[in-house]
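Student:
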Amino acid sequence: MDSFPGPTSNRFVSQRLRLNYVDWGNPDAPPLILQHGGRDHCRSWDWVAQELRHDWHVIAPDLRGHGDSDWSPEGHYGMDAFVYDFAQLVHTLGYDQVTIVSHSLGGNIATRFTGLYPEKVRKLVNIEGLGPTPEVQREVEGGGTADHLRKWIDEKRRAAGRSPRRYATLRDAYERMKTENSFLTDDQARHLTVHGATRNEDGTWSWKFDNYLNVWSTGDIPFEEKAKLWAAITCPVLLLWGKDSFASSPASDGRLDHFADAALKEYENAGHWLHHDQFDRFMEDVRAFL
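With this note's numbering applied, the sequence shown covers 12 to 301.
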């Protein structure tokens, strides 16, 4: 990174939660929102923001329950809440139209927002963020029974009784970060750990995200309704997938077919966080698209 001092931290209110976002300056430039994924945080975009801040007014929010945003008191982390928060951010900042780069859960959120309000989005980059495959989602939809609800209650109770993992030192947390994603460089893992961990009262360290995020909400729209939102998108969409990721390609499972104007690029030697794993190629593709 260059010597720029970094972004300013700000807050907006959504459903009584105070949610954090960072602002990289250049307010006269067109707005660009960078939306992170699950169990991540807004500062994971710093390398991307540094590259784009000269041409864009870059805003990077922390999702509820992530980073420096409030945790939901009742542990509500359904897609309805996330999409509302995103819409509230755009509304609060008064943007008529935005450009979005999004990852994983953040891509799922941003893509639904774009389908709901197609006139609000100029262009959308989605990194592995379309949610489960059609087959997997239909299995979940078919499981909306009493047994499914009982299982969800049990999982919520376990989450309520689970203490956040504690690391004796920040170095230990860093080593965990490296173990989770072997593609990361030492500098990347160090930066993500410093901004993604918080010190506990006893001097140990824990990740900033809420444990309740590990339990998915029982309610979501059916796949067919989600596909209708994708079809309603009018702006150009760039879908990016890592060939070493756990997420299946939307070209192979039919999800790509629901978009009117979408291009898909697949990256060799990259996993789910391809914007970290293949940063130079990612920036080249994003710059060309935007």
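By construction, the Cβ of each residue, glycine as well, lies at the ideal position given by its N, Cα and C atoms.
Using a Cβ-Cβ cut-off of 8 Å (strictly less than) and excluding sequence neighbours within five positions of Val205, which residues of its own chain qualify?
Tutor: Your numbering for residue 205 matches position 194 in the sequence shown. Cβ neighbours of Val205 beyond the five flanking positions: Leu181.
Student: So, helix, strand or coil for Thr190, using DSSP?
Tutor: Residue 190 sits at position 179 when you count from the first residue of the sequence shown. Helix, per DSSP.
Student: What are the start and end residues of the beta strand (DSSP E) that includes Asp34?
Tutor: One-based indexing of the sequence shown puts residue 34 at position 23. Asp34 -> beta strand (DSSP E) spans 28-34.
Student: Is it true that the CB of Thr125 sits closer than 8 Å to the CB of Leu135?
Tutor: Within the sequence shown, numbered from 1, the residue matching residue 135 stands at position 124. Within the sequence shown, numbered from 1, the residue matching residue 125 stands at position 114. Contact flag set, yes.
Student: Look up Glu309 in the DSSP assignment and say whether it is helix, strand or coil.
Tutor: The question about residue 309 has no answer, for the chain in this structure spans 12 to 301.
Student: State the CB to CB distance for the pair Gly140 and His114, rounded to an integer number of angstroms; the pair is presumed to be in contact (CB under 8 Å).
Tutor: Position 129 of the sequence shown, counting from 1, holds the residue named residue 140. Position 103 of the sequence shown, counting from 1, holds the residue named residue 114. That belief holds up - the Cβ atoms of Gly140 and His114 are roughly 6 Å apart, short of 8 Å.
Student: State the start and end residues of the unbroken beta strand (DSSP E) segment that holds Lys326.
Tutor: The structure shown does not extend to residue 326, since the chain spans only 12 to 301, so no value can be given for it.
Student: Would you call the CB atoms of Arg64 and Asn37 closer than 8 Å?
Tutor: The residue labelled residue 64 in the question sits at position 53 within the sequence shown. The residue labelled residue 37 in the question sits at position 26 within the sequence shown. Yes, these two residues count as a Cβ contact at 8 Å.
Student: What is the rounded straight-line gap between the Cα of Asp291 and the Cα of Glu62?
Tutor: Along the sequence shown, read from residue 1 onward, the residue named residue 291 stands at position 280. Along the sequence shown, read from residue 1 onward, the residue named residue 62 stands at position 51. Asp291 and Glu62: Cα-Cα distance of roughly 10 Å.
Student: Taking all protein chains shown into account, do 16 or more other C-beta atoms lie within 10 angstroms of the C-beta of Phe257, making it buried, or fewer, making it exposed?
Tutor: Sequence index remark: in the sequence shown, residue 257 carries index 246 (1-based). Phe257 should be labelled exposed.
Student: Start and end of the beta strand (DSSP E) containing Gly253?
Tutor: On the sequence shown, position 242 is the one that residue 253 refers to. Its beta strand (DSSP E) spans residues 248-253.
Student: What do you get for Val24, buried or exposed, if any count of 16 or more other CB atoms within 10 angstroms of its CB means buried?
Tutor: The residue you call residue 24 lines up with position 13 of the sequence shown. By the neighbour-count rule (16 or more Cβ atoms within 10 Å), Val24 is not buried but exposed.
Student: Can you tell me whether Pro261 is buried or exposed? The criterion is at least 16 other CB atoms within 10 Å of its CB, across all chains shown.
Tutor: Locating residue 261 in the sequence shown gives position 250, where the first residue counts as 1. Pro261 comes out buried.
Student: Nearest-angstrom Cα distance between Glu277 and Val109?
Tutor: Along the sequence shown, read from residue 1 onward, the residue named residue 277 stands at position 266. Along the sequence shown, read from residue 1 onward, the residue named residue 109 stands at position 98. Near 25 Å, if we compare the C-alpha coordinates of Val109 and Glu277.
Student: Are three or more beta carbon pairs between the region 240-251 and the region 210-218 nearer than 8 Å?
Tutor: Output reads no: the region 210-218 does not touch the region 240-251.
Student: Consult DSSP for Ala179 and reduce its assignment to one of helix, strand or coil.
Tutor: Counting from 1 along the sequence shown, the entry for residue 179 is found at position 168. Ala179 falls in the coil class under three-state DSSP.
Student: May I ask you to report which of helix, strand or coil DSSP gives Pro145?
Tutor: Here residue 145 is taken as the residue at index 134 of the sequence shown, counted from 1. Looking at Pro145 - three-state DSSP - the assignment turns out to be helix.
Student: Below 8 Å on the Cβ atoms is my guess for Arg123 versus Val101; work out the distance and round it to an integer in Å.
Tutor: Along the sequence shown, one-based indexing puts residue 123 at 112. Along the sequence shown, one-based indexing puts residue 101 at 90. Wrong, their Cβ atoms sit about 13 Å apart, outside the cutoff.
Student: Please classify Met12: does DSSP put it in a helix, a strand, or coil?
Tutor: One-based indexing of the sequence shown puts residue 12 at position 1. Caution is warranted here: a pLDDT of 49 is assigned to Met12, below 50, making its placement in the model unreliable, and the coordinate value is therefore given only provisionally. Met12: coil per DSSP, three-state reduction.
Student: Could you check where the beta strand (DSSP E) with Trp218 kicks off and where it finishes?
Tutor: Taking the sequence shown and counting its residues from 1, one reaches residue 218 at position 207. Per DSSP, Trp218 belongs to the beta strand (DSSP E) from 216-218.
Student: Using a Cβ-Cβ cut-off of 7 Å (strictly less than) and excluding sequence neighbours within five positions of Asp197, which residues of its own chain qualify?
Tutor: Walking along the sequence shown from the start, residue 197 turns up at place 186. None.
Student: In angstroms, rounded to a whole number, what distance separates the CA positions of Thr103 and Phe194?
Tutor: For this step, residue 103 is matched to residue 92 along the sequence shown. For this step, residue 194 is matched to residue 183 along the sequence shown. Cα-Cα distance, rounded: 37 Å.
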